[in-house]
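Chains A and B supply the protein sequences, listed in that same order.
At position 179 of the first sequence (counting the first as 1) the number is 179 in full-length UniProt numbering, and the numbers step up by one without a gap.
At position 40 of the second sequence (counting the first as 1) the number is 40 in full-length UniProt numbering, and the numbers step up by one without a gap.
Cβ coordinates follow ideal geometry from the N, Cα and C atoms, glycine included.
Below is one structure, written out as structure tokens; the observations come after it.
There are 2 protein chains.
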Amino acid sequence: MIDKHLMKLRARDDISAEEEQALYDALGEVLHYPADHTFITAGKELDRSTLLLEGILCRYKDLSDGERQITELHVAGDFADLHSFTLKHLDHNVMTLTPAKIVQVPHERLKRITEQHPHLARVLWFSTNLDAAIHREWEVSLGRRSALQRAAHLFCELQVRLGIVGLATEHEFALPLTQVDLAECLGLTSVHVNRVLKELRERKLVEFRSSRVAIADLAGLRRVAEFDPAFLYLDKRAR
Amino acid sequence: MIDKHLMKLRARDDISAEEEQALYDALGEVLHYPADHTFITAGKELDRSTLLLEGILCRYKDLSDGERQITELHVAGDFADLHSFTLKHLDHNVMTLTPAKIVQVPHERLKRITEQHPHLARVLWFSTNLDAAIHREWEVSLGRRSALQRAAHLFCELQVRLGIVGLATEHEFALPLTQVDLAECLGLTSVHVNRVLKELRERKLVEFRSSRVAIADLAGLRRVAEFDPAFLYLDKRAR
DNA sequence: CGCTGCTTTGAAGCCCTTCAAACCAGGTGG
DNA sequence: CCACCTGGTTTGAAGGGCTTCAAAGCAGCG
């Protein structure tokens, strides 16, 4: 059931059979959520974390004028809110962008992992630090990259992250988001996202339509985005 | 020596005398760095973390055109790169913005903490998750807030964070940064930062000059920034 | 007293937003 | 089976917030 999560972890470190079992033992209830469903609200006390099995989630914050900023996208195999284990409540909301299948992991069982499996605990710690690395890369995009580069960079990031769990090739992947969703990731208006997507299409770099990303020229796309996958920590080593 | 770090941790959870001792036992060499000194470079293997005792540090990424984005500021009491414990190398650089006094903490000794002090390990994990929360708030600023709001929000954040370690009052705190430094935090040009600071001054909200922030109207400043300190997790509870 | 780094100000321009409306595909119901 | 509705996409025109370029002002210091 958590094969994609294991793929993600094992791309970064060795996970023993015993540790794999400890993870399985930590699993709780499996749930199916519809699209556009906010299932974690900022400030609310949490006693379990959410491991995404299928679909796409996002973390987001709302502003007073109705604007929204998505701070991270989550794909299958990601813990959406592992950080709630130490934070106890979150500073942001989490919602589904597509229909999603998730499995809950009670914090009580995560606590046991920190007590009985220090290495696995460090790997989980690593994985929250990986989320922070993604945040940092988004800060760079939002602060310093042009609209075209931001969009290109996001597609590059998703191609790698989905590739790790077998959901993307060099040429394409499914991405059932709207242009509004993308705009909320990129700090742009959906109108401008539309124009940027048009330019990426005309430059024969990438095509985003009918819920798919078709990459015409991955090298060119990465060049435009100045994409360096180092921030995704794909080197496998002891954590 | 690490009293400010303990103040920071104890604002979020209880730290026992035994845990405090474990932290002291983990300390290594104390170093003094000059201002504008990059002492951690992206990609370089690390075997120790850096606890800031005095001064201001920043994490930053450089872009090909010479632009720079600062992704977080660090104040006394912060671990600047505790996340390198699980990441092993970083995706960003770390530099001093002022002269700084730091103490190194070998990863080997942090590993021992994860094995012998699970609760303290969770508190340290929490503290890297707090950095991620700050990243998210910056994403919101960079993606959705106006230049004026971004600057106001940063001052509010620093007032709280410095206040926790006794380095800020409701009315003022030392901040020996240049307008160029601020611009690199805020995703703006230094020219525009200058205009924004002028407006904050004219609106009688906050004055930034000669290395100090003088807050004329904290409530008004927070209103302009739409500042909510919840993302700093100041509620004390078991982690 | 002149250098250096930082701050301040002005003028022009551009990237992205705003506002508005048309277009399009998929699903529903008469 | 088409008319209609709805959510999403596309395009145009005008405007604004921030950048760019340029230069002057200013404080600290050797």
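DSSP bridge partner residues for residue i (one or two, in chain order)
i	result
V94 (chain B)	B:I40, B:R59
Y33 (chain B)	B:A100
H74 (chain A)	A:L57
F79 (chain B)	B:L51
K68 (chain B)	The sequence shown places Arg at residue 68 (chain B), rather than the Lys named in the question. BP columns for R68 (chain B) point to B:D62.
P106 (chain B)	B:R48
Cβ-Cβ separation, residue j to residue i (assumed contact under 8 Å), whole Å
i	j	result
M7 (chain A)	G166 (chain A)	7 Å
D131 (chain A)	A132 (chain B)	6 Å
residue 244 (chain B)	R237 (chain A)	With chain B covering 1 to 239 only, the question about residue 244 (chain B) has no answer from this structure.
residue 240 (chain B)	R12 (chain B)	Within the shown structure, residues of chain B are numbered from 1 to 239, placing residue 240 (chain B) beyond reach of any answer.
A17 (chain A)	L52 (chain A)	Their Cβ separation, rounded to whole angstroms, is 24 Å, which puts A17 (chain A) and L52 (chain A) out of contact at 8 Å.
L177 (chain A)	L232 (chain A)	L177 (chain A) to L232 (chain A), Cβ: 20 Å. No contact.
A216 (chain A)	E202 (chain A)	Not confirmed; about 11 Å, so no contact.
T128 (chain B)	P118 (chain A)	So it is not a contact: roughly 16 Å between Cβ atoms.
residue 240 (chain B)	V196 (chain B)	Shown here, chain B extends from 1 to 239; a query on residue 240 (chain B) therefore has no answer.
H135 (chain B)	H32 (chain A)	Actually they are not in contact, since the Cβ atoms of H135 (chain B) and H32 (chain A) sit about 31 Å apart, beyond 8 Å.
E139 (chain A)	W138 (chain B)	5 Å
I40 (chain A)	L9 (chain A)	Going by Cβ atoms, the distance from I40 (chain A) to L9 (chain A) rounds to 22 Å, so no, they are not a contact pair.
Q159 (chain A)	A168 (chain A)	5 Å
heavy atom of the ligand GTP below 7 Å from residue i C-beta
i	result
E226 (chain B)	Here there are no bound small molecules, and the ligand GTP is not part of this structure.
Residue burial classification, residue i (beta-carbon count within 10 angstroms, cutoff 16)
i	result
L124 (chain B)	buried
A214 (chain B)	exposed
S211 (chain B)	exposed
G43 (chain B)	exposed
Q116 (chain B)	exposed
H92 (chain B)	buried
H5 (chain B)	buried
A174 (chain B)	exposed
A183 (chain B)	buried
K61 (chain B)	buried
H171 (chain A)	exposed
V94 (chain B)	buried
E29 (chain B)	exposed
L57 (chain A)	buried
D3 (chain A)	exposed
A219 (chain B)	exposed
L234 (chain B)	exposed
D65 (chain B)	exposed
Considering only residues of the UniProt domain "HTH crp-type" (145 to 219) of chain A, which uninterrupted alpha helix (DSSP H) runs meet the minimum length of 4 residues and lie entirely inside it, listed in chain order? Qualifying alpha helix (DSSP H) stretches, in chain order: 147 to 164, 179 to 186, 190 to 202.
Would the segment 15 to 28 of chain B and the segment 190 to 202 of chain A be scored as touching if the rule is three or more Cβ pairs under 8 Å? no
task = Could you say if the segment 217 to 226 of chain B and the segment 32 to 41 of chain A meet the contact criterion of at least three C-beta pairs nearer than 8 Å?
result = no
(Q) Check whether the segment 69 to 76 of chain A and the segment 104 to 122 of chain A are in contact - that is, three or more C-beta pairs closer than 8 Å. (A) No, because fewer than three Cβ pairs between the segment 69 to 76 of chain A and the segment 104 to 122 of chain A fall closer than 8 Å, the two stretches do not touch.
Does the segment 92 to 105 of chain B come close enough to the segment 43 to 62 of chain B to have 3 or more Cβ pairs within less than 8 Å? yes
Quiz item: Counting pairs of beta carbons, one from the segment 133 to 143 of chain B and one from the segment 54 to 69 of chain A, are three or more of them closer than 8 Å?
Solution: Pairwise C-beta distances place the segment 133 to 143 of chain B in contact with the segment 54 to 69 of chain A, as three or more of them are shorter than 8 Å.
Item to complete: Indicate whether the contact test is met: 3 or more Cβ pairs, each with one atom in the segment 145 to 159 of chain B and one in the segment 79 to 93 of chain B, closer than 8 Å.
Response: no
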